[in-house]
Amino acid sequence: MRDNFGRNIDYIRLSLTDLCQLRCGYCVPDENVSCLKAHEQLTYDEIKEIVAVFSTLGVKKVKLTGGEPLLYPKIMSLIQDLKKLTGIEEVTLTTNGIKLPETMADLVKAGLDSVNISLDTLNPVHYAEITRVGRLEDALKGVTAAVESQIKKVKVNTVLLPSLTEADLRSLVNLAKDTRANVSFIEKMPMGNQVATSALSEAEIKHLLTQHYGEVTPFLQPLGNGPARYYEVEGFKGKVGFISAMSRHFCETCNRMRVTSDGFLKTCLAFSHGVNLKQAISDGCLEAKILEALQEKPKRHLFGQEVENKELKSMIQIGG
Ligand code: SF4
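The opening position of the sequence shown corresponds to residue 69 in this note's numbering, with each subsequent residue numbered one higher.
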């Protein structure tokens, strides 16, 4: 399906839950944010119905997010059911990695196509500070389980936080050097009332890569469904990528919409408007409501600006 700017929207990011074992500061700014009650969440059948209708409208790729999607009890059967839907070519997942050691084999059996692991540092002290409650070793066991599994693609996503040191950065980059994982560095987007923070920039990181590792060349073949731009580094098994929504936004090629775990369809991460798909299902007008929302999809984000309909929810309530 195409929006008013001619962009082909063929990818949805679907949040399965707002529960998570971790409490990362930029995702859960307010520790007291209340979680949705069970009856407020989409039911299993509602999720299937929403993806089925999206697939008839041209959506081919589904990213399962959260909170932490591996806390969703029926994750394995859901992946299987979504993969059976005509038109759905890829089902992928973003996780904090903690439950991967115990679930990786079943995820591969269920047909999961790729896994993204959120990991903002390899320094155990920084990790505990960023996640408020997590242990780095648990996430690292998840990375190992993923790269050693049969899954097609493994990606590590790192949000560029002010606390990220050069030593930290190099240890993350070494994951792409020594394993098949692709490592992507993501500029932090100021969600809600958060402010944009400065951290190591894409240019600075590329300079460090050249200085310490050798030639860095653009990798032009598509590697995922997202906006990351990848580079090959001499002698690396994996690629290094950048998602720079603030300094090099990619809205002109946006291909996605998001569905929150309570069924709210967001046409853009940065804005609050959208439609309630749970209500649309009970009113029997799901397809019409999706197409109505598509007409409202904004041209681009205006992060950092005081704008009407600015999204005030936090990442954990939206699903990243
Ligand atoms: S900020 Fe909005 S328009 Fe831009 S890429 Fe993200 S979802 Fe698309």
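From the three backbone atoms N, C-alpha and C, an ideal C-beta is built for every residue, glycine too.
Are the beta-carbon atoms of residue i and residue j separated by less than 8 Å?
| i | j | result |
| --- | --- | --- |
| VAL241 | LEU277 | yes |
| GLY303 | TYR281 | yes |
| LEU150 | VAL127 | no |
| VAL211 | ALA249 | yes |
| LEU354 | ALA361 | no |
| ILE166 | ALA213 | no |
| GLY222 | VAL263 | First, the residue type needs correcting, since residue 222 is Val and not Gly in the sequence shown. Their beta carbons are not under 8 Å apart, which means VAL222 does not touch VAL263 by this criterion. |
| ILE198 | CYS92 | yes |
| ALA267 | LEU229 | yes |
| ASN323 | ARG75 | yes |
| TYR94 | LYS334 | no |
| ASN344 | GLY331 | yes |
| ASP181 | THR154 | no |
| THR226 | VAL251 | yes |
| SER329 | LEU146 | no |
May I ask which residues mark the beginning and end of the beta strand (DSSP E) holding residue i?
| i | result |
| --- | --- |
| GLY342 | 342–344 |
| ASN184 | 182–186 |
| LYS142 | First-last for LYS142: undefined, no H or E at that position. |
| ILE311 | 308–311 |
| THR391 | Limits of the chain in this structure are 69 at one end and 388 at the other, which puts residue 391 out of reach. |
| LYS223 | 221–228 |
Would you kindly work out how many angstroms separate the C-alpha atoms of residue i and residue j, rounded to a whole number?
| i | j | result |
| --- | --- | --- |
| GLN148 | PRO366 | 33 Å |
| ASP188 | GLN363 | 36 Å |
| LEU138 | ALA313 | 27 Å |
| GLU283 | VAL301 | 6 Å |
| ASP98 | THR133 | 20 Å |
| LYS378 | ALA338 | 6 Å |
| ALA120 | GLY260 | 31 Å |
| THR124 | ASN191 | 45 Å |
| ALA271 | SER315 | 10 Å |
| GLY388 | GLY135 | 9 Å |
| PRO295 | ARG70 | 18 Å |
| SER340 | LEU380 | 7 Å |
| GLU158 | TYR79 | 9 Å |
| ILE358 | LEU237 | 41 Å |
| ALA196 | SER350 | 43 Å |
Residue i by DSSP, collapsed to three states: which one?
| i | result |
| --- | --- |
| MET325 | strand |
| TYR281 | helix |
| VAL211 | helix |
| VAL159 | strand |
| LEU82 | strand |
| ASN76 | strand |
| VAL96 | coil |
| ILE115 | helix |
| GLU255 | strand |
| ARG248 | coil |
| PRO290 | coil |
| ARG70 | strand |
| LYS21 | Residue 21 lies beyond the residue range present for the chain, which begins at 69 and ends at 388; the question has no answer from this structure. |
| PHE339 | strand |
| LYS151 | helix |
| LYS439 | Past the edges of the chain, shown from 69 to 388, lies residue 439, and the structure says nothing about it. |
| LYS357 | helix |
| GLU216 | coil |
Starting from residue i and walking both ways along the alpha helix (DSSP H), at which residues does that stretch end?
| i | result |
| --- | --- |
| TYR298 | Looking at the DSSP string, TYR298 is not in any alpha helix (DSSP H); the run it does join, the beta strand (DSSP E), is 297–301. |
| LYS334 | That residue, LYS334, is in no alpha helix (DSSP H); its beta strand (DSSP E) goes 332–334. |
| ARG175 | First, the residue type needs correcting, since residue 175 is Leu and not Arg in the sequence shown. Residues 168–178. |
| VAL193 | 192–199 |
| MET383 | 383–386 |
| LEU370 | Counting along the chain, LEU370 falls outside any alpha helix (DSSP H), and DSSP gives it neither H nor E. |
Taking Cβ positions only, does residue i come closer than 8 Å to chain C?
| i | result |
| --- | --- |
| LEU146 | Looking for chain C here will not work: only one protein chain is present. |
**Stretch-stretch touch, CB-based, cutoff 8 Å, three pairs: the stretch 165–172 with the stretch 205–222** = yes
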